Structures are given as C-alpha cells and as structure tokens.
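Working notes, structure below.
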Amino acid sequence: MIESEEYQSHIFRWLESIIKSELLGTLEITTEPDGNPLPRPRFRESPSQPHPGVRPLPRITDIPPHEFREQYVNSVNELVEQYNWHQHTQTCWKYLRRNQDRSDANCRMRIDGSTRPVTVLDPDTLSIQLRRLHPRIANYNDLIIFLLQANTDIKHIGSGEAAKALIYYITDYITKSSIPAHLGLAALMYAITTTSSKYARIPQWTPAQDTGALTILVNSMLARTEISHAQVMSYLVGGGDHYTSHRYRLLHYTTFDRTVRRHWDPPSQPPQLQTVLLDQNTTPNSGSNSDQPQSHSAPTDQSNLSQRQQPSLPPDNEPPLRSLEDEDLITLTLSNGSISALNQQQDYLLRPPTEPFNSMPLYEFVGLTEKTTSSYDNSRL
Numbered sequence: 001m002i003e004s005e006e007y008q009s010h011i012f013r014w015l016e017s018i019i020k021s022e023l024l025g026t027l028e029i030t031t032e033p034d035g036n037p038l039p040r041p042r043f044r045e046s047p048s049q050p051h052p053g054v055r056p057l058p059r060i061t062d063i064p065p066h067e068f069r070e071q072y073v074n075s076v077n078e079l080v081e082q083y084n085w086h087q088h089t090q091t092c093w094k095y096l097r098r099n100q101d102r103s104d105a106n107c108r109m110r111i112d113g114s115t116r117p118v119t120v121l122d123p124d125t126l127s128i129q130l131r132r133l134h135p136r137i138a139n140y141n142d143l144i145i146f147l148l149q150a151n152t153d154i155k156h157i158g159s160g161e162a163a164k165a166l167i168y169y170i171t172d173y174i175t176k177s178s179i180p181a182h183l184g185l186a187a188l189m190y191a192i193t194t195t196s197s198k199y200a201r202i203p204q205w206t207p208a209q210d211t212g213a214l215t216i217l218v219n220s221m222l223a224r225t226e227i228s229h230a231q232v233m234s235y236l237v238g239g240g241d242h243y244t245s246h247r248y249r250l251l252h253y254t255t256f257d258r259t260v261r262r263h264w265d266p267p268s269q270p271p272q273l274q275t276v277l278l279d280q281n282t283t284p285n286s287g288s289n290s291d292q293p294q295s296h297s298a299p300t301d302q303s304n305l306s307q308r309q310q311p312s313l314p315p316d317n318e319p320p321l322r323s324l325e326d327e328d329l330i331t332l333t334l335s336n337g338s339i340s341a342l343n344q345q346q347d348y349l350l351r352p353p354t355e356p357f358n359s360m361p362l363y364e365f366v367g368l369t370e371k372t373t374s375s376y377d378n379s380r381l
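Sequential numbering from 1 applies to the sequence shown in the UniProt record's numbering.
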C-alpha cells in the first residue's frame with residue numbers, strides 16, 4: 001500500500017463505501033457549535049409514527065427503484081440517529097480512576113468529537129485512519145443497520161498487531177469465566193477480612209457462625225459476578241441452565257480428513273481402531289449446549305471393547321503402531337443395558353441414495369439428520 005498509490009486509493013474507496021460515520025448523503029464535515037457535543041435528534045413516537053427500529057422496511061419489489069432508494073436512505077438515517085448517534089453515559093467512564101475527568105478524551109467508546117475530511121494512512125503506525133464527517137456517529141454499514149434495525153458497529157482490521165489483538169479479544173470474550181480471577185480473589189479477601197473482624201474474639205465457632213461465614217463469602221463473590229439479561233430471563237421463564245438458541249452436534253472432521261487422505265495415499269499398514277465409550281448418565285464437557293453424552297477416547301481391541309487398556313509397547317521385532325491420527329473413530333453409546341455403535345464416516349458414505357440425503361454435503365448431513373435405533377422406531381409405531 002505504501003509503494004502503490006493506485007492500490008491505496010482502491011482500498012480507501014472500498015473502505016469508505018462499506019464503513020460510514022455520517023448520515024447518508026453527507027458530503028461535508030458536520031461541526032459542533034462551541035465544541036459542545038451535538039445532541040441526538042429526538043424522535044417522538046406515536047401510533048401513526050412508530051420507532052424506526054420496529055417500523056416495516058421498504059421493499060424493492062413493492063415500489064419503483066428510485067422510490068426505494070429514497071426510502072432506503074431515509075430509513076437508514078433515522079436508524080443511525082436513534083441507534084448509532086453516541087451520547088456519553090456512565091458506561092463511557094466506568095473504568096476511570098477517581099482523578100480522571102469524564103470528558104470526550106476519556107470516553108471508553110472512543111467517540112471524542114474528532115473528525116477527518118479524508119481517509120489517510122498514518123505514517124508512524126501504518127494504520128488506516130478512516131474518513132469521519134460526523135463527530136458523534138459511530139461506524140456502521142448502511143445495509144447491515146437497515147436489515148437488523150438495531151445498533152451496529154463495524155471496524156476494519158487489516159493485519160499485524162491489530163488483527164492479533166482482535167483475535168485475542170474475541171477469544172477472551174467468548175471464553176471468559178463468569179467471574180475473573182482477580183475479582184474472585186478480591187471477594188475472597190473481603191470475606192476473610194469481614195469474617196475475621198466479626199468473629200475474631202470467639203475462640204470456637206458454632207455451626208451457625210460457620211454458616212454465617214460461608215454466607216458472607218458466597219454473597220461477596222456473587223455480587224461481583226456478571227449476569228446478562230438473557231441469562232436472567234432464561235432462568236425466569238424456565239429455560240434451563242443454558243443460554244443458546246441452538247443445539248450443537250459434534251463433527252469428527254479429522255476422521256473424514258484421514259479418509260480422504262487414505263483414498264489418495266493408501267497407508268502401508270491397516271489403520272487401528274479407536275473407540276469412544278459413551279455413558280448416557282454423564283454430561284458433556286465440550287462447552288456447548290449439546291445433549292450428547294460425555295465421551296472418553298482410548299485405543300481398544302475389537303475383540304474386547306468393554307475393556308479399556310493402555311496399549312503395550314511393541315516388541316523389538318514388531319513394527320510400532322501408527323499414531324492416533326491414523327485411527328478410525330467408532331462411538332459406542334451405553335444406554336439401558338445395550339450398546340449401539342456409530343461411525344460418522346460410514347453413516348455419511350452409506351447414506352441413502354434418495355433425496356435429500358444424496359445431495360447433502362457433510363456439514364448439512366451431520367447437522368440436519370439424526371440416527372435412531374430400530375427398537376426406538378418400533379416403540380413409536
């Protein structure tokens with residue numbers, strides 16, 4: 001991008017076409033009088049004028065193209081004014097120290113009222129500084145906000161440190177525990193200090209005092225635990241201890257990958273058998289909302305699948321076994337005194353030749369089909 005101005009120009013135009021920070025149709029910088037933040041335009045709802053977030057969207061199949069374009073621009077601008085026009089709240093300064101000012105410069109959302117007439121490449125960091133024609137509108141994509149009718153955000157992440165930081169942030173966010181370690185330790189310290197000051201002069205605690213100390217500990221930790229609105233509502237309506245709208249299935253992708261590789265490059269030795277024993281009374285430990293039982297993987301002998309033994313070392317005159325990566329995977333489900341076997345590779349390769357199974361790709365086959373036993377089918381008849 002530094003060496004080619006033409007390539008740089010193409011990148012800038014592409015980013016400006018998909019990332020907006022101003023109302024559609026704006027060509028000049030919007031200024032703030034006397035440096036005061038521009039207030040968000042007030043929208044007065046009425047039965048004849050519903051909020052833009054719940055209003056039916058214009059459809060290009062119902063009106064001429066030029067009318068649709070006009071209504072599209074008006075709808076997007078109203079949505080941006082109500083959802084992406086930033087106004088400082090307590091959330092903007094929730095992590096400030098006591099001696100820090102609640103100002104534009106310290107806004108956590110980084111909406112500080114600054115503008116930029118054109119997109120430039122920072123000479124020091126080599127990062128792209130996008131054009132900003134409005135001081136208070138957060139970045140958005142007009143098509144996405146039009147379709148979602150909600151608050152949206154969009155950011156260009158090219159490569160380098162910014163891309164690594166983004167991947168770390170997303171991974172940390174979706175895998176974070178319910179309470180961070182430092183908050184848990186702080187809560188534990190608070191509980192110990194409070195309990196010590198309350199029962200310091202008591203030589204021997206009674207069961208009631210033990211219960212009181214435990215109550216202080218639990219309450220102090222729960223008070224520092226983040227609980228989302230979705231979690232609370234799911235609990236209140238009896239949705240159970242999970243907060244996802246879908247159920248998940250396991251895809252043993254590596255076994256399919258090995259099958260394809262063996263087709264093109266057959267191994268010199270036959271693959272070993274790997275089994276997965278499943279107990280219907282156990283719960284999964286995969287981090288997803290799946291009703292599949294927990295699995296324990298171990299290489300076993302086909303003649304004695306009920307015994308799980310560590311493979312012994314081969315004698316000096318025998319070739320070593322192939323690695324676990326060359327093993328086939330068979331899932332054994334233990335339920336109601338019976339054993340059922342499952343091999344995803346064979347299920348897919350031997351799927352019915354009729355539609356819709358015949359044209360199903362692997363992803364859809366695993367996600368949309370379910371394998372049942374004959375006894376279960378007979379019980380339903």
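Glycine included, each C-beta is placed from N, C-alpha and C at the ideal position.
Because the structure is a prediction, the values reported are computed rather than measured.
The C-beta of Gly35 has fewer than 16 other C-beta atoms within 10 Å across all chains shown, which makes the residue exposed. In this model, Ser114 and Ala105 are separated by some 10 Å (Cα to Cα). Annotation: Cys92 to Asp153 spans about 16 Å, alpha carbon to alpha carbon.
Using a Cβ-Cβ distance cut-off of 8 Å, the region 183-195 and the region 212-224 are in contact, since at least three pairs of beta carbons, one from each stretch, lie closer than that value. Comparing C-alpha distances from Asp62 to each of Leu349, Leu251 and Tyr72 shows the shortest one belongs to Tyr72. Excluding five sequence positions before and after Glu3, none of the CB atoms of its chain fall closer than 7 Å to its own CB.
The region 8-22 makes no contact with the region 40-50; the number of CB pairs closer than 8 Å stays below 3. In this structure, Pro58 sits away from Glu78, with a CB-CB distance that is not shorter than 8 Å. Lys155 sits away from Asn141, with the two beta carbons spaced by 8 Å or more.
Annotated three-state conformation of Gln149 is coil, per DSSP. In the DSSP assignment, Tyr140 forms a beta bridge with Lys20. Annotated three-state conformation of Arg13 is helix, per DSSP.
In this structure, the CA atom of Ser17 is about 12 Å from the CA atom of Thr119.
Rounded to whole angstroms, the gap between the alpha carbons of Gly184 and Leu96 is 21 Å.
DSSP places Met221 in the uninterrupted alpha helix (DSSP H) bounded by Pro207 to Leu222. With the rule of 3 Cβ pairs closer than 8 Å, the region 20-38 does not count as touching the region 156-175.
Gly367 and Ala162 have their alpha carbons spaced roughly 34 Å apart.
In this structure, Ile137 sits near Val80, with a CB-CB distance shorter than 8 Å.
In the structure shown, Ser196 falls within a helical segment according to DSSP collapsed to helix, strand and coil. Secondary-structure assignment with DSSP links Ile128 through a beta bridge to Leu121. With distances taken between CA atoms, Leu362 lies nearest to Val260 out of Trp264, Pro41, Val260 and Phe146. Here the alpha carbons of Arg247 and Phe365 stand approximately 15 Å from one another. By DSSP's assignment, Ser75 forms no beta bridge with any residue. Counting only the Cα atoms, Trp205 lies some 42 Å from Ile174. Around the Cβ of Ser220, a 10 Å sphere holds 16 or more other Cβ atoms; the residue is buried.
One alpha carbon belongs to Gln231, the other to Gly239, and they sit about 9 Å apart.
For His263, the enclosing alpha helix (DSSP H) stretches over residues Tyr253 to Trp264. For Leu368, the uninterrupted alpha helix (DSSP H) run begins and ends at Leu362 to Leu368, by DSSP. Taken through DSSP and simplified to helix, strand or coil, Ser46 comes out as strand.
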